[in-house]
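First comes the structure, then the notes that go with it.
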Amino acid sequence: MQDAFSCCICAEAFDTNEHLPYILNCGHTFCKTCVKTPLDNLRQAYAYHLSQNTRASYDELVNKRQCPFSRCEGAFNQDSKLANLLVNQDLLRQMAILAQTTETATTAGTTQANEYSIIIGLAPHNLDIEKFQQHFLAQLEIKPKEIEVKDIEGSLIGEKTITLKYEVIHKNYLVVKADVKTLEQKIYRQDQYESNIFVVVNPHTDKQVLPDLKYDCREYNLIMMNYGVPMRRNPETDMVVLNGGPPAGMRDLEEIHKGLKWHIQQEAEELCVRFYYLPEQKCNRIVIYLGSGRNKIGNVVQYLLNRKMMIGDRNCRFQHDEKYKGRTNFLKVIY
9 MQDAFSCCIC AEAFDTNEHL PYILNCGHTF CKTCVKTPLD NLRQAYAYHL SQNTRASYDE
69 LVNKRQCPFS RCEGAFNQDS KLANLLVNQD LLRQMAILAQ TTETATTAGT TQANEYSIII
129 GLAPHNLDIE KFQQHFLAQL EIKPKEIEVK DIEGSLIGEK TITLKYEVIH KNYLVVKADV
189 KTLEQKIYRQ DQYESNIFVV VNPHTDKQVL PDLKYDCREY NLIMMNYGVP MRRNPETDMV
249 VLNGGPPAGM RDLEEIHKGL KWHIQQEAEE LCVRFYYLPE QKCNRIVIYL GSGRNKIGNV
309 VQYLLNRKMM IGDRNCRFQH DEKYKGRTNF LKVIY
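The sequence shown begins at 9 in the numbering used here and counts up by one.
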């Protein structure tokens with residue numbers, strides 16, 4: 009067990025000072041002391057490439073971005089600094105819990121349990137928690153004593169966090185921790201529709217999770233990724249949002265998708281259209297995810313402003329939403 013809480017380069021135990029654990033894009037974790045040298049080398053290679061801009065300088069930069077342990081490609085961003093790396097908060101929490109449970113187990117006559125939580129982020133806005141518990145969490149070896157569901161503040165699509173709370177003692181702590189692994193890469197199907205299929209992944213280690221999303225999800229043990237929805241989800245650069253209007257069915261979304269696909273042609277291979285009903289805001293919302301075509305926001309907005317479309321049984325048009333001044337990719341549905 010000590011290996012899991014030690015740096016694989018220097019073999020020193022992680023702590024909150026010089027051996028603070030940092031997690032790289034490839035998912036490997038190293039202590040603060042051991043990442044300083046590759047970061048210094050990367051900084052020099054990046055500066056040299058900016059001054060030379062040759063194939064040789066680029067190849068050297070790519071080489072310096074590799075993981076110092078396994079040589080994984082792209083472990084560091086090309087302009088990485090220590091301040092921009094993610095501290096492995098999940099590992100620190102595990103270390104704290106293990107220390108507490110070990111102390112509890114060695115204290116004569118003490119049976120007090122400690123609390124540990126597994127936090128699942130980006131759960132869908134319409135999550136049926138009873139169904140989720142019955143059909144998905146049933147595969148956990150140790151069941152949580154409590155499940156807490158909260159809205160994610162500021163989420164455009166009403167996403168939620170699910171916190172699984174445990175009472176753990178030394179003998180079952182490792183089993184609870186293993187349950188995180190149990191849920192990784194599992195599929196949760198909320199209903200028969202493809203738009204309600206989710207893949208549960210570890211945002212810290214999954215190679216498909218982009219650096220920006222990885223940073224936003226740094227407090228979560230796991231996240232739920234909607235099948236078919238691009239991971240690029242910056243509301244300023246990666247999507248167009250349609251507010252209001254009648255509820256949109258699958259046929260309506262397919263028509264919008266078809267029209268946009270034709271309009272921007274092959275430059276939006278990851279184009280995806282989803283409908284959300286947000287009861288707290290009493291608002292219907294259609295989100296157009298642009299994926300690799302995210303630089304085409306202007307074309308998409310212009311296309312929508314010049315079109316009328318059937319949504320539900322209503323003839324709808326679009327105009328800029330005054331509630332979001334300065335954000336031209338937020339439109340209001342008029343019907």
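Ideal Cβ placement from N, Cα and C applies to all residues, glycine included.
Grab the span of the beta strand (DSSP E) containing ASN251 for me, first residue to last.
247 to 251
Can you check DSSP and say which residues form a bridge with ILE319?
ARG322
How far does the beta strand (DSSP E) with LYS168 in it reach, from first residue to last?
168 to 176
Looking at C-alpha atoms only, which residue of ASN49, VAL217, PRO211 and GLY257 is the closest neighbour of PRO238?
VAL217
Going along the chain, which residues of its own chain have a beta-carbon closer than 8 Å to the beta-carbon of GLY117, five neighbours each way excluded?
Confidence is the limiting factor: at GLY117 the pLDDT is only 47, short of 50, which leaves the residue's position unreliable and the question unanswerable from this model.
Around the Cβ of ILE342, are there at least 16 other Cβ atoms within 10 angstroms (buried) or fewer (exposed)?
exposed
Measure how close the beta-carbons of VAL281 and LEU339 come, nearest whole angstrom, since I'm counting them as under 8 Å.
That belief does not hold up - the Cβ atoms of VAL281 and LEU339 are roughly 13 Å apart, past 8 Å.
So, VAL184 versus TYR196, is the Cβ gap smaller than 9 Å?
no
What residue range does the beta strand (DSSP E) around VAL308 cover?
Counting along the chain, VAL308 falls outside any beta strand (DSSP E), though it belongs to the alpha helix (DSSP H) covering 305 to 313.
Assuming contact is defined by CB atoms lying nearer than 9 Å, are MET318 and GLU262 in contact in what I supplied?
no
Determine the direct distance from the alpha carbon of ASN33 to that of PHE77, and round the result to whole angstroms.
13 Å
According to DSSP, which residues form a beta bridge with ASP159?
LYS168
Residue(s) in a DSSP beta bridge with LYS340
ASN251 and GLN327
Do you know offhand how far ASP187's Cα is from THR213's?
16 Å
Give the DSSP-derived three-state secondary structure of GLY299 in the structure shown.
helix
Could you please give the first and the last residue of the uninterrupted beta strand (DSSP E) stretch that includes ILE195?
195 to 197
Using the three-state DSSP reduction, which class does GLU81 fall into: helix, strand or coil?
coil
Give me the Cα-Cα distance between LEU130 and LYS168, rounded to the nearest whole angstrom.
6 Å
Compare the beta carbon distance of ILE127 and THR171 with 9 Å and say whether it is the shorter of the two.
yes
Applying the criterion that 16 or more other CB atoms from any shown protein chain within 10 Å of the CB defines a buried residue, is GLN3 buried or exposed?
Since the first residue of the chain shown is 9 and the last is 343, residue 3 is not available in this structure.
Take GLY82 as the anchor and find which of THR45, LYS40, GLY35 and LEU99 has the nearest alpha-carbon.
GLY35
Per-residue DSSP class, three states only, for PHE13:
helix
Let me know if GLN102 comes out buried or exposed under the rule of 16 or more other beta-carbons within 10 Å of its beta-carbon.
buried
Decide if THR37 is buried, meaning its Cβ has at least 16 other Cβ atoms within 10 Å, or exposed.
buried
State the Cα-Cα distance for the pair PHE84 and ARG73, rounded to the nearest angstrom.
5 Å
Measure from the alpha carbon of LYS194 to the alpha carbon of each residue in SER203, VAL209, TYR201 and GLU123, then state which is nearest.
VAL209
Tell me the DSSP secondary structure of PRO29 in three-state form.
strand
ASN134 vs ASN204 beta-carbon contact at 9 Å
yes
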